[in-house]
Amino acid sequence: MAQHTITGTVIDEDGLGIPGVTIIEKGTTNGTTTNIDGQYILNVSSGSATLVFSFVGMTTVEQTVNNRQSVNVTLTTEAIGIDEVVVTALGIKRDSRALGYAISRVEGVDLVKAGVSTNALTSLYGKAAGVGIQATAAGPMGGMKINIRGAQGLESTSGTRPLFVVDGVPIYDTESSMASRDYNPLNSFDFGSAVNDINVEDIESMEILKGAKASVLYGSAGANGVVLITTKSGSGTRGLGVQVSYGQEVYNPVSYINFQNEFGSGQHEYSMSYEDEAQTIRRTVSDRQNFGPAFDGSSIKFFDGSTRQYLPYKNNYLDLFNNGSSRNMQAAIQGGSEKGNMRLAYTNYNYDGITPNQGQTKNSVSFNGQLEASKFAKFEISQNLYHTQSQNRMSNIQHLVAWGTFNRDYDIKTAMNSWKDENGYMIDLSSLGNLDDSGWGWPSAFLDPNNINDGFFNLMWTMNENRFIDARVNSITSAKATFTFLPYLGLTMQGGLNYTDTDITNKVKPYRKNEDTGAYQGGRFSFKRERNVIQNYEAFMTFNKSYMNDRLTVFGFAGPAYRKIGYNSVNVGTRGNSKFEDFWSLTNHDRWPASYDSYVSGFDEEFESLYSVLGQGTISWGMEYILEFQARNDWSSTLPKANRSYFYPGASFTWNFTETFTIPKINYGKLFLSFADVGRSANRYYALRTYSMNTLPAPNTNINDVSGPSDLFSGDLKPERKREFEIGTSLRMFKDNRMEVNLSYYNSMWYNQIMSLPIPASSGATQIRINAGEINNSGFELFINGALIATNPFRWEMTFTAAKQWDKINKLYPGITQKNENAGNLIRRKAEGEKMNTLWIQDYARDDKGNRMVNDNGLYYLSNDPDDEINIGTTNTDIYGGSSTNFYLQGEWGMLNLMGALDYKIGGSILSYSNFYLMGNGLTEETLPGRPGHGGLTWTETLSDGSTRERHDGMILQGVKEDGTPNDIIVPARDYYSTFIHDMGTGWQPDMIKENNYVKFRELALTYTFPKSFSEQLKMQKFSVGLTARNLFYIYKSIKNIDAEAMLGTGNDSWIENTNFPSLRSYGFKVNFSF
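Written out as structure tokens, the structure reads:
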């Protein structure tokens, strides 16, 4: 029978040729694959033969030849693949059908659809069930909180972040915060972590190992889950190709503060200041609060001496900030053949912040190569090198709100041009040269002469004249060799090194000069270097053999592992005032060289080691039943010698039940069950006594003083443990697997918690470090992905994730039933029988009927009775998740893709300092009730000279007096709202601590891909342009006046809002092309 030669091209939905497509003549073994351009040639047995076109992740197509000489085919993306390959622990690639635990995978392409974010975690919102993401007030340059399955600990320093692994290398990661120390903006920077450095455009995929069974092979480092980041390697390509991308974004500051714009500075409607006794020239009132006269447009003299109308400056808060911007450019070359593949990329990222001289520059080089040297040996190497330099990160500005900088009648634009004197130094408000004879002028809210780090003018000087620069070099290197001795026996060896080196330089200019003596006031130079080195080595033998006609398969591996972590830091800085301006030297200060304390200096060096043996064994009956066992034993240097060895077991069973029987409409289904007992070691030196050396002054010499620890040690500290049980199912349904449903339930028990407990001072110590406590944590996770409409030319895909979690403290320690963290009169408590991190506070004083009581001044007050302490919630999130949708429209003119994504969070109360200060200072709309024109009662005020006047700002608070009669005491509105200012001596009010719930429209992107015919005219393979937006708006949020994510940091302070920086909304465009 004569053969027929068939030629053709296989293209994707974008009209691009697909290399590596398999074409088989149906019913035979005769076949071929497409070349780099998607072209093929195949000799078939007859003109009636049927060709089967298949490619991983795309729908298989059959075409009958029908005596044609050319058969061209378009393959479409399969809605959901059944035999998806995922990366698991230790970088081992597995068929997802064989996994006995839940895992989330996020493709790299989904991380950049809405633009290139400076932190890869920004793109994870709502995309992985059970993974909580939260930004901080520090903006794009700061850290991101990530928490998997509600990981937590009883100690405030317990690490709850997952382990990050890049191309098989565990990397350095840490919590970060911009908590201000004493309102000092020079000491309140959030530096983020090394995760910030990872270039999102280099990421091929993220696999998130959520449960104990999934991460057991990482030992104590993976107790909180593992985020596996695989970078692009050029796999699947043929020949060489170049990819170029460019993107630009604009960041708009967004304020959620609902300012009132009806009343100006002062304490009541008569709060007025005049320049002359005749009261002809009215002046702006210098007052912290905004309960003054109503705006009427009359003439008034501002602090700079200019006359203007008495009207609100509605945008004076946002006037402090400008629009930010970013630019991202990447060029990559990649290629491959049957012997291997490689990718080399360079990326440059620049961010200009929303305040003067603020910005960040990133340069990264990524190389990933694989070489199959022979059928016996394969080598892989990965090198990701990042250099990130940041300047003038966001500092905490809460004090500006607390002390009246943004009063509604204060012109911030004028103030922003008034902070320097004629000599170029900071204006001196303590000098009458800047005030009139009565002492009137810029108020202390703009400069506090007693604290150079406080006040608006101080902030202006800091942002414009000082430079705080941090530069980090982050190198992630991985080398892997795989040897195949026999078809079923091999050896894998891998080594990894993560090296981070951070230099922090602070250049603080002198802010004042004595013109008579020439001496400077202020000025400082300091430098700090931090170095973190993580070495990781593994080697294991592998066995993979099938029996009984390939029905029974045995797979396993075992071997040793070693990890060493080193840290050192050195810092030095000048003490005293600078002697010279703009001379950055450690000798440039007025105490050099005579004084013993010429410098502020420090040094720290720490190490830890972890030795391990680990292994896994898997027995599978086809793809129907899979039984798997894992085990790891660690020896940790951070524990006492007797307890350094600890064992982690894990086991799972998977039943792919659609291999056993057929269920209509369900193409694939599995049930899985897993168990593991893992844990985490102590923090470095936590289990050991450490000593510090101090230098004390003495005449003509120094004395060294050695001080010991203030804590006692049990001497028998063991690793924390987590015992977890997990059950779940995974389904693929309908034609072309158009719907995927993954559901899992987990129940874990944290026990032997490493923590410190208070002990009586008579013991000579303050705390004792022990193992104690047992926490139960459980929850559900749901992931749904589906193609709601799949037609030609329109396709609509949608995903939905949800997670619900519970927790309870079963026990703490014999004789101790609770552990408290205090924030004033607000207590975050960990107590037996309760949820984790419950909030307790003193209730208002109430009578027997529950009515609030008022004091003699007619104001509510808090009860002093310990029995009146009430629970007002917990800081832990209850439910969270997200949803995204993609619309595709394709034709000969090209393809459009519209993507939108939202995420949501329910539960978790927070402490919002901003709301207390905004309300106490009368800045928000919530403080209008009770004022003139807003229901304020008319009452008569008696002045100090005996005269009276009528006021219209009276309030009678609902409640009873101490004698039980209904309250009838009129109080000025200002007196009531002032009770919300915490620094005035009042405690936190219980009804102001609220649950932080929200639904946020997070991402929006529109991408147009030009047709292949147009791209080819430009000598390109693919050409696309897109518009992007991120952090668009809240569809709903439960707490007014703040960004629901603007917390202080990523760790123990992630439930406290105390920064008052605006949110950032970004808009941008991107261009991608390849050739």
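Its first residue numbered 44, the sequence shown is counted upward by one per residue in our numbering. Heads up, the beta-carbon is just placed ideally off N, CA and C, and yes, glycines get one too.
Sort the options by Cα distance to residue i and report the nearest one.
i, options, result
"M1063", "F1116, A257 and K1080", "F1116"
"G934", "I852, Y1020, G268 and F837", "F837"
"Q373", "G379, Y392, K382 and Y360", "Y392"
"Q322", "I343, Y1019 and D890", "I343"
"I953", "F489, F823, N1101 and G151", "N1101"
"Y356", "S341, Q441 and D452", "D452"
"K948", "E877, Q848 and N1010", "Q848"
"M1035", "V108, Y554 and N958", "N958"
"R510", "G402, S368 and P707", "G402"
"M385", "I251, A375, Q413 and S409", "Q413"
"S695", "E702, K713, S680 and N907", "K713"
"D908", "A888, N898 and T917", "A888"
"F1066", "M938, L986 and N1095", "M938"
"G1120", "V1003, N880 and F528", "Only positions 44 to 1118 of the chain appear in the structure, and residue 1120 is not among them; the question remains open."
For the alpha helix (DSSP H) containing residue i, name the first residue and the last one.
i, result
"P615", "Correcting the residue type first, residue 615 is Val in the shown sequence and not Pro. Segment L595 to T617 is the beta strand (DSSP E) holding V615; no alpha helix (DSSP H) there."
"Q441", "Q441 to A445"
"Q1064", "First-last for Q1064: undefined, no H or E at that position."
"T505", "F499 to E508"
"A255", "A255 to S258"
What three-state label does DSSP hand residue i in the structure shown?
i, result
"Y353", "coil"
"V159", "coil"
"Q291", "strand"
"K571", "strand"
"R224", "Note that R224 scores a pLDDT of 46, beneath 50, so its modelled location is shaky and nothing firm can be said."
"I455", "helix"
"L154", "helix"
"P205", "coil"
"R140", "helix"
"G476", "Only weak support is given to the placement of G476: the predicted model assigns it a pLDDT of 42, under 50, and the question is left unresolved by the model."
"D647", "strand"
"P183", "helix"
"E320", "coil"
"D330", "coil"
"D464", "coil"
"I870", "strand"
"P975", "coil"
Report the CB separation of residue i from residue j in whole angstroms; it is logged as a contact under 8 Å.
i, j, result
"G951", "W1098", "7 Å"
"T457", "F499", "Going by Cβ atoms, the distance from T457 to F499 rounds to 11 Å, so no, they are not a contact pair."
"I191", "P213", "Incorrect: roughly 16 Å between the Cβ atoms, too far for contact."
"R555", "Y468", "5 Å"
"S263", "S724", "4 Å"
"N359", "N1084", "The pair is not a contact, with the Cβ atoms about 16 Å apart (cut-off 8 Å)."
"A445", "F1104", "Not quite, the Cβ-Cβ distance comes to about 14 Å (not below 8 Å), so this is no contact."
"L1000", "Y1020", "Not quite, the Cβ-Cβ distance comes to about 11 Å (not below 8 Å), so this is no contact."
"D513", "F234", "6 Å"
Which two residues bound the contiguous beta strand (DSSP E) that contains residue i?
i, result
"Y10", "Nothing about residue 10 can be reported from this structure: the residues present for the chain run from 44 to 1118 only."
"V174", "V174 to Q177"
"S957", "It is not in any beta strand (DSSP E) - S957 instead sits in the alpha helix (DSSP H) that spans Y956 to G963."
"S628", "Taken as a continuous stretch (DSSP letters only), S628 belongs to no beta strand (DSSP E), as it is neither H nor E."
"G378", "G367 to S380"
"Y468", "Element bounds for Y468: n/a, residue is neither H nor E."
"Y554", "L532 to K556"
"S926", "I922 to G934"
"S621", "S621 -> no beta strand (DSSP E), and no H or E assigned at all."
"P692", "S688 to W698"
"H995", "T991 to M998"
Just checking residue i against the ligand GDP - is the residue's beta carbon closer than 7 Å to any of the ligand's heavy atoms?
i, result
"A458", "Among the components modelled here there is no ligand, and therefore nothing to report on the ligand GDP."
TODO: Kindly confirm or deny that the stretch 1055-1075 and the stretch 1106-1114 touch, where touching means at least three C-beta pairs closer than 8 Å.
DONE: Touching, yes, given that three or more Cβ pairs across the two stretches are closer than 8 Å.
Open item on the list: With a threshold of 8 Å, are at least 3 pairs of Cβ atoms found where one atom belongs to the stretch 140-152 and the other to the stretch 711-722?
Closed with: Enough Cβ pairs lie closer than 8 Å, so yes.
TODO: Kindly confirm or deny that the stretch 922-939 and the stretch 1034-1053 touch, where touching means at least three C-beta pairs closer than 8 Å.
DONE: Two segments are said to touch when three or more pairs of C-beta atoms, one from each, lie closer than 8 Å; by this definition the stretch 922-939 touches the stretch 1034-1053.
Task: Any 3 or more C-beta pairs closer than 8 Å across the stretch 45-53 and the stretch 69-76 - done: Between the stretch 45-53 and the stretch 69-76 there are fewer than three C-beta pairs closer than 8 Å, too few to call the two in contact.
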